[in-house]
Structures are given as C-alpha cells and as structure tokens.
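Just below is one structure, and these are the notes that go with it.
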Amino acid sequence: MDTSQTFRNRTGNSVIRKIGLLIGVAACGALVTSCGSDDTPTPTPTGTDTATPTPTPTSGVANFDFTADFDATSANTSAIVAYFTPEGGAEFFNDATRINGNSGIEYIATPNSVTIRFPEQSASSVFDEDDLQSNSATERVYQDGDVGLTLELPFTYILRATLETDNQDFTRDTVDGTLRSERVTAFFSTSTDDTDITSSITYTGDPLIVGGEEGVTAPNALSAPQVTFTITPGSDDVISGTITIFETVNGNQVQVADLDFSAIVGENNGFNGTLEDNANDLEGEFAGALAGPNRDEVFITFVAFNADDNRTVLGNFIGD
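Heads up: the sequence shown begins at 2 in this note's numbering, then just goes up one per residue.
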C-alpha cells in the first residue's frame, strides 16, 4: 500500500510526507552549524539534497538584538511537524522529521521585516511590520493570514524560529481534512573557542518536544521538564544529559521516553551521537553545537522513533 502523502506549503511547493517513515533520520548525524554576518543581505540556503554537511563556520557573529538588523544562516538545524484535522473531527499528530540542509534569515529592525527560508522551500517567507502581533526583548510574533512566524531568543546566542502554516487542504489515506505544519529551525553564533576545557560546563534549559503516535496523539500532548546537560573534561570532552518525555493522557502525566545523550565534543565544538531507549522501544540520533564566544550556550536537535507502531518524539534543546 502506498502511504505517501502530499501537502503544499504557502509558496505552492509540494512536500512529500511518508507516514511512519522518518526520512530525516539518516541525516541526523550531520553536524549542525550556524553563522552570521553583516554582508549577506538575503538568505540563500541550500536544498535538502546537500551531499555533505556545511563546514563549521570559524567566523561571523550574529547579533540577535531585535532592535538591530541581523542576518544568519544555519545547517542541519531544521525540523517539521504536521497535525491533521479530519472533516468534523479533532486535530491529531500526523508525522514529523528532521530536515537536512541550510536555513537563512534576514531581520530588518526599521521598518521591521523578516525574510526566512527553510531547507525544503524554494522561496522565502516574508513578514513586515503590519504582520507584527507582539514583541518583546526575547520574542517576536508575526501573522499573515494562515502563516505565522515566531522568533524566540531564550538566552543570548541562539535564535529559534518557528513557521506555522494552517488550513492546508489534505487527504490522509482516504479522509479529507486540513493540515497544520510547523517548521522549526535555529540560528546561532558557533563557538570558535578552541581552548582546553579544564572544568565541567553545565547548560540548563527547557526542551521543545513534539510528536506521539501518528493518527492518535493530540497536539501539545508531549512535554519534558527542564534539564541540564554537562560537559565533563578529559582526554575526550564528553557532553551528556537525559531528556525524559511525558504524554498527558486523561489529565495524567505518562512517561513515554527516557533519552540518554552522550557524545564527544569535537575541536569545532560540534557533536553527534545515537539514542536508544530500550524501556520504551525507541531509537534515534542527535546532533548539536556549542554557541557563543566562550561556549556559553548549547543547541541540540534530536529524533527518536519506533517505525513498527508509528511513534515519534522530535525536539530541540537550547541551554545556557
């Protein structure tokens, strides 16, 4: 049986989804990278068919102050999740995957505008000051019809961007309805600190979690408590931490995943590894990088899944 499904994004590009098949898992081991500068006025990301990961930048610092202009690119930091609402029914989790390739953003403070593109998009999404719904020092929210953009700055050096597209006509198997998709990516100043790590470094933050069982789990049912990752120095500097994921079922918190992360931090301040949760029958991969001039923050993107029963947990972590 052919389980492929197609929906169209705002620009009309077809995005093929495969129920129960996470097409991005094989690419998850690619190191995430990001950079920023003042001389790249237009985002120019590559597509998802990039043969090799973009090299880790060694220069360029993006200023994520929302009162000033900035532009940045990133590689292998993106993901997409989709939710389906059948006609006359309730919305549920459809599928999710990481997306390899480059993203780009150009932010202009006055008059305010944002141009952003994700790896699988052939055209950028553009928002202007008339689309701005709310703003603060750490968050900007834009809405243009069925398409919305949220820019979040949890700390200082990592910017998370979420592009939501609603009311997309969609047929899941033989059931008509609408699809709501969320593309998520991150931009950051990759750390160029190459000094020896001589004492432990800790990063604390709130994981962003999506997923569940395809066709069953309600939106926003998965969550994870605040977590701390630690770099332990040694002959190899190892970053480690555990993200425990819960699902809200009938008002009760039920543990659905317990993901242990452990990887060697490379000379370029990037890392990647595999995930295995035997108790919950999940496996997956992760990739991450340290950000800021002095390894101030960390970004991690990850996915774990069970292809037999169509369960997926996908997320990212920003810690300071």
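Think of the CB as a built atom: it goes at the ideal place given N, C-alpha and C, for glycine as much as any other residue.
Here the structure is a predicted model, which means the values were calculated and not measured.
Among the options, nearest to residue i - alpha-carbon criterion
i: residue 154; options: 236, 165, 259 and 139; result: 139
i: residue 183; options: 147, 264, 253 and 225; result: 147
i: residue 169; options: 176, 180 and 159; result: 180
i: residue 300; options: 256, 204, 253 and 114; result: 204
i: residue 78; options: 226, 124, 185 and 107; result: 185
i: residue 178; options: 145, 310, 248 and 92; result: 92
i: residue 238; options: 256, 269, 251 and 137; result: 269
i: residue 219; options: 87, 293, 64 and 145; result: 87
i: residue 165; options: 174, 125 and 144; result: 144
i: residue 313; options: 250, 253, 217 and 70; result: 217
i: residue 198; options: 176, 66 and 232; result: 232
i: residue 68; options: 130, 125 and 118; result: 130
i: residue 112; options: 167, 255 and 70; result: 70
i: residue 225; options: 118, 85, 90 and 255; result: 255
i: residue 66; options: 196, 107 and 221; result: 107
i: residue 174; options: 211, 202 and 215; result: 215
i: residue 89; options: 250, 74, 114 and 176; result: 176
CB contact flag (residue i, residue j, <9 angstroms)
i: residue 209; j: residue 161; result: yes
i: residue 95; j: residue 83; result: yes
i: residue 187; j: residue 319; result: yes
i: residue 307; j: residue 282; result: yes
i: residue 105; j: residue 72; result: yes
Strand pairing of residue i, partner residues [DSSP]
i: residue 277; result: 284
i: residue 84; result: 94 and 181
i: residue 124; result: Residue 124 is not bridged to any residue.
i: residue 132; result: BP columns for residue 132 are empty, so no partner.
i: residue 258; result: 246
i: residue 224; result: 247
i: residue 115; result: 108 and 128
i: residue 154; result: Paired residues: none, contrary to the question.
i: residue 205; result: 229
i: residue 170; result: 179
Whole-angstrom C-beta distance between residue j and residue i, which should lie under 8 angstroms
i: residue 315; j: residue 97; result: 4 angstroms
i: residue 127; j: residue 135; result: Residue 127 to residue 135, Cβ: 19 angstroms. No contact.
i: residue 257; j: residue 246; result: 6 angstroms
i: residue 206; j: residue 248; result: Not a contact, Cβ separation roughly 21 angstroms.
i: residue 280; j: residue 309; result: Not really, about 16 angstroms apart at Cβ, beyond 8 angstroms.
i: residue 116; j: residue 123; result: So it is not a contact: roughly 14 angstroms between Cβ atoms.
Cβ of residue i within 9 angstroms of any chain C Cβ
i: residue 119; result: In summary, chain C is missing from the structure at hand, where a single protein chain is found.
Residues of its chain near residue i, where Cβ-Cβ distance is below 7 angstroms and the 5 sequence neighbours each way are ignored
i: residue 49; result: Residue placement at residue 49 is poorly supported in this model, since its pLDDT is 35, which falls under 50; the coordinates still yield a value, given next. Counting only Cβ-Cβ distances below 7 angstroms, and skipping sequence neighbours, we find 100, 101, 102, 120 and 121.
i: residue 158; result: 189, 190, 292, 293, 297 and 298
i: residue 200; result: 234
i: residue 64; result: 71
i: residue 305; result: 258, 260, 276, 278, 283, 284, 285 and 314
Same chain, Cβ closer than 8 angstroms to residue i, neighbours up to 5 away in sequence not counted
i: residue 272; result: 32, 240, 264, 265, 266, 288, 289 and 290
i: residue 295; result: 192 and 194
i: residue 1; result: A question about residue 1 goes unanswered here, because the residues of the chain that appear run from 2 up to 321.
i: residue 2; result: Legend: pLDDT at residue 2 = 29, less than 50; position of this residue unreliable, no value from coordinates given.
Cutoff 6 angstroms; reference residue i; Cβ partners in own chain excluding five residues on either side
i: residue 277; result: 284
i: residue 156; result: 298 and 321
i: residue 152; result: 141 and 162
i: residue 150; result: 128, 143 and 164
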